[in-house]
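Chemist:
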Amino acid sequence: MGPGGVETRRRKGSVGVRYAPGLRLLPPVLCAALIFGLVAVVYRPLVTAEPGVDFPWGADTWGHLFKADYLYEQAAAGDPFPHLMPWWYAGSEPFRHQPPLPYYLLAGLRHISGDIFTAGAWLVPLCALFGGLSWLVFAGRLGWPGACAAGLGWAVWPDHIRVALSEGDLPQVVARALLPLLFAAFLDSLDRRRWPWSGFGTVVLLSLLVLTHATVAAASCAALALFSLLYRWFSGARGRDVIRGLSLIFLALLVSAWWLVPSLAAETAAVTGAVDPEAAGRVPDFLPPSVSLDPLLRLQSPEVFYLGLSSVVLLAAALVGWRGRDPAAKAFFVCGVLAMAATFSPARPFLSLLSFLPAPLAGDQVVGPTAFVCLLPVAAFMAALPRAEPARGERGRFRTLVPALLVAALVLADAAGSFHLIHTHEQRPDLAAAARALADARGWRVAVLDMGRLGSGPSFVLSRSAGREQVFGSGWQGASVSGELGLINTALERGRYAYAVDRCLQLGATDLLVPRDWAGASRLAAAARAAGYSGPETHGDLLLFRRPLPPFALRHSYEALAVGRHAGELALLFPGVEIGSSPEIDSYELSDLEAYRTVFLTGASWRSKTRAEELILAYVRGGGRVVIDLTGFPTGVLSEQPSFLGVTGETVEIRDTVSATGPSASETVTFRSFNTLHDPWEAFVPQGLDRTLLSFSHSGRQAVIAGEKDLEGGTAVFIGLNLPYHALLTDDPAALTVLSGLLGLEPDAPPARETTPLQAYRATADGYSFTFEVPQAWGEGRVILPVAFHDAVAVRVDGRPVEVRPVEHLVAVRAGPGLHKVHIEATGPPLAGVSAVVSAVTFLLLTAYVSVTVLRAPARVPGARRSM
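With our numbering applied, the sequence shown covers 1 to 868.
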């Protein structure tokens, strides 16, 4: 304040803003009031949701609320970080694969509101409000009008509404609310404004983002790194500034290592076993601009992805006066264009590369085309809105006010078409009726075979109301048995219902819930009855099949083992085939293989080829039968051909129908067309065999479909043409007959299932305990316990630790006839202690640096730091 008390000047960075006395707080208060009022009006149906009456309708909302409610109950019982949740997926680690922070926020709101559904309803407007208000920190750059316009637009951005209400992705709602503050702190760090606090804030906010939503965090890390490089390119930052920014990203990952490292180290089953990626939930949907930019389609389908016409207009506006734009605006413009371009099909190769990220960094699923869209409004607002120029007086304020009003009006008008998504829903009466029926009946677990049509509602209702554990749940890609669940979905899509029902039984399902209007319901009903289920009972639009059993264990009765990344294809055709726990041949012991009559290698790999070949030779010498499909085997560096046991695979392209002959020319086998979905059909045929069992003419020469290779003490059979995958796609009876003869199994014939009850069964966050009796007829074989095997469990049988050789990611133990007591204890994940120390040390050193820097910093005039 000046000596006369007439006016005062506040500096924010290099921007000075003048206010009359007593009015210093008027701009921020007015802006905050506008954002608060908009949120209160637009999100009123959620703010006023009535407990027990108003329920969410989003696809994933119920599942997230169930996990938060489970966390609340466990925390109230004295366990604030439960390692195990037995309700879903035969036991899952709920907060190891999925970041925990949003669930603690929901649990806190549950404590305040007294109802988990009210907590979920409140979370959405609270995050909209927090994200909108966060934009006010940009007032020093955009001026109060620009910051307010961005805050208003952010609070009701169309894609935010879709994600929150239609998708029901509550963790992403929380993650998006952190983005404005994160980019504000990072930009200040590059400009060395408010240093070291801006750097400290960047690390803390990015760490919180990692603990909120891994996919958004991964996209943000990439965007921050790209922005810093572009900022340097447009002469907004020096090389040392870029290095500082990248170092802050690295420090944030170290601070969050206590969760991130155990999550990365999790031995989860990737969905590579699922043949159909779409059924496994890993295929990104690329939408043409005619769909993603059509504002009318969301009125017809609330789930449709809408990119937003306003985002296109904002980015186009950034081109106006391009030369006069500051470097940050130019860098944000490029980032925005790339984020938008990622939703279009030309970006498919780039996003396909991201699918190889570890599960936590990929959000437990493939990074889809919309992964970077959450960053689009940040880039659009920062690129389009002009920078504040207080030195130009009223003209400068007018120059920011008019664009701000236009931006706010544009985004609000665009967002209005999404306001109809903001509502609640009644609970499904048919699902509630099915839950009541299950609650009154004997049973253990229920499998909902709906291909996601019912959303995540069953994952909440059937556990809370019916008291049933569930084969599926919500967001199952993080489960240890995710590969098996993906294959069940693939089986439902491909019509392999025998496999689907059998594996549900193996996972402990005593009840099956199926939509009545599903096209495959009748065939599934036949498979269910063949597996011993009764019914169906009809509850509205749902069919319920029952097999009234208590918790149970199963006798291991598989006679064939498939090893490799393509083992799932064979198991779908022949449910009597067990899928190996590892695709690496030399990860098995000889005793493991000797338990099976046949071993089928397809898409297999190894750590040492020599050891892998020696293992197979030893198995063959012992009388085992080996069938090898070289599809997916490692290829040579120069030859680019797979080889194993002296047999190589040669690439062929099939464009015509294949008619094969056996050893006798009179034996002819005609296969269905290979070119239905793939034209040409590219595959390998084996070369270097000693006998040909089945061959066909190709380019004037005989190409082998099946043949034998003499080995020491036995033979191995090699097959070509990627025959299992062809049989799965076409249901070719000729291909199935060939494979059936090699395996000694019938198609669609599950293994014989014998069960024994689990007595005194108890499942808690600490693990499982029960007793079971092995019948005399079972002998000293393996027993499958339908409990998911994790790298963080310890198994004791009769008080002694035992080695677990999992069967399709379920715990399996050797136990002789008689009564046995089992305790499966959930322990801390590997590397948890080391990663916690890394996080703690990093945070302490960072805090010490900030403290020392602040204490040593000389007094400086506010606003003396370098501006943009």
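For each residue, glycine too, the CB sits at the ideal point set by N, CA and C.
Bear in mind that the values here come from a model prediction, so they are computed numbers and not experimental data.
#1: Taking only the alpha-carbon atoms, compute the straight-line gap between V685 and P94 and give it to the nearest angstrom.
#2: Of all the options E569, D656, F460 and A383, which has the alpha carbon lying nearest to the alpha carbon of D731?
#3: Using a Cβ-Cβ cut-off of 8 Å (strictly less than) and excluding sequence neighbours within five positions of P327, which residues of its own chain qualify?
#4: Rounded to the nearest angstrom, what separates E431 and L542 at their Cα positions?
#5: Per DSSP, R800 forms a beta bridge with which residues?
#6: How big is the Cα-Cα spacing for R701 and G576?
#7: Starting from the Cα of E825, find the closest Cα among A765, V481 and G37 and give me that residue.
#8: With 16 other CB atoms within 10 Å as the buried threshold, where does W901 fall?
#9: Under the rule that 16 or more other beta-carbon atoms within 10 Å means buried, what is G632, buried or exposed?
#10: Out of A33, P302 and P429, which has the shortest C-alpha to C-alpha gap to V53?
#11: Identify, in the order they occur along the chain, each residue of the same chain with its Cβ nearer than 6 Å to the Cβ of T692, setting aside the five sequence neighbours on each side.
#12: State the Cα-Cα distance for the pair V852 and P196, rounded to the nearest angstrom.
#13: Whole alpha helix (DSSP H) runs in the stretch 208-270 with 4 or more residues, listed along the chain?
#14: Among residues of its own chain, excluding the 5 on either side of W88, which ones have a beta-carbon nearer than 6 Å to its beta-carbon?
#15: What are the partner residues of P80, as DSSP defines its beta bridges?
#16: Comparing C-alpha positions only, which one of L645, A184 and P750 sits nearest to E614?
#17: Within the continuous alpha helix (DSSP H) that includes T610, where are the two ends?
#18: Going by DSSP, what residues sit across from Y768 in a beta bridge?
#19: Is the stretch 197-209 close to the stretch 251-265, with three or more CB pairs under 8 Å?
#20: Beta strand (DSSP E) containing F538: first to last residue?
#21: Assuming L297 and L309 form a contact by the criterion Cβ under 8 Å, report the distance between their Cβ atoms to the nearest whole angstrom.
#22: In chain order, what are the residue ranges of uninterrupted beta strand (DSSP E) at least 3 long that sit wholly in the stretch 391-456?
#23: Taking the C-alpha atoms as reference points, what is the distance between V275 and L677?
#24: Exposed or buried, what is R193 when buried is set at 16 or more other beta-carbons lying within 10 Å of its beta-carbon?
#25: Output the boundary residues of the alpha helix (DSSP H) element that contains I35.
#26: Please state the DSSP three-state secondary structure of E712.
#27: What residue range does the alpha helix (DSSP H) around S591 cover?
#28: Inspect the CB distances between the stretch 104-111 and the stretch 140-154 and report whether three or more fall short of 8 Å.
#29: Residues bridged to P724 by DSSP?
#30: I'd like to confirm the pairing. Which residues does DSSP put opposite H698 in its beta bridges?
#31: Counting along the chain, where does the beta strand (DSSP E) carrying E754 start and finish?
#32: Considering only DSSP beta bridges, list what A579 is partnered with.
#33: Are F789 and V811 close, meaning C-beta to C-beta below 8 Å?
#34: So what's F372 in DSSP terms, helix, strand or just coil?
#35: Report the option in V783, D517, P550 and R503 whose CA atom is closest to the CA atom of A528.
#36: If contact is defined by three or more beta carbon pairs under 8 Å, each pair taking one atom from either stretch, is the stretch 817-831 in contact with the stretch 492-502?
Modeler: Looking at the coordinates:
#1: 44 Å
#2: E569
#3: Y231, F234, S235, G236, A237 and M868
#4: At residue 431 the sequence reads Leu, which differs from the Glu that was named. Approximately 7 Å, taken between the alpha carbons.
#5: V797
#6: 36 Å
#7: A765
#8: The chain is shown only over 1 to 868; residue 901 falls outside these bounds and no answer can be derived.
#9: buried
#10: P429
#11: V704 and G707
#12: 10 Å
#13: 214-233, 239-255 and 257-264
#14: Q470 and G473
#15: The partner list for P80 (beta bridge, DSSP) is empty, contrary to what the question assumes.
#16: L645
#17: K609 to R621
#18: A763 and I824
#19: yes
#20: Position check: residue 538 holds Thr in this sequence, whereas Phe was assumed. It spans S534 to H539 - the beta strand (DSSP E) in which T538 sits, taken as one unbroken run.
#21: Going by Cβ atoms, the distance from L297 to L309 rounds to 12 Å, so no, they are not a contact pair.
#22: 445-448
#23: Unreliable positioning characterises V275 in this predicted model, as indicated by a pLDDT of 48, which lies under 50. A coordinate reading is not provided.
#24: buried
#25: L26 to V42
#26: coil
#27: L590 to L593
#28: no
#29: Answer is none; P724 lacks a bridge partner.
#30: R701
#31: First-last for E754: undefined, no H or E at that position.
#32: According to the sequence shown, residue 579 is Ile rather than Ala. Paired residues: A562.
#33: yes
#34: coil
#35: R503
#36: no
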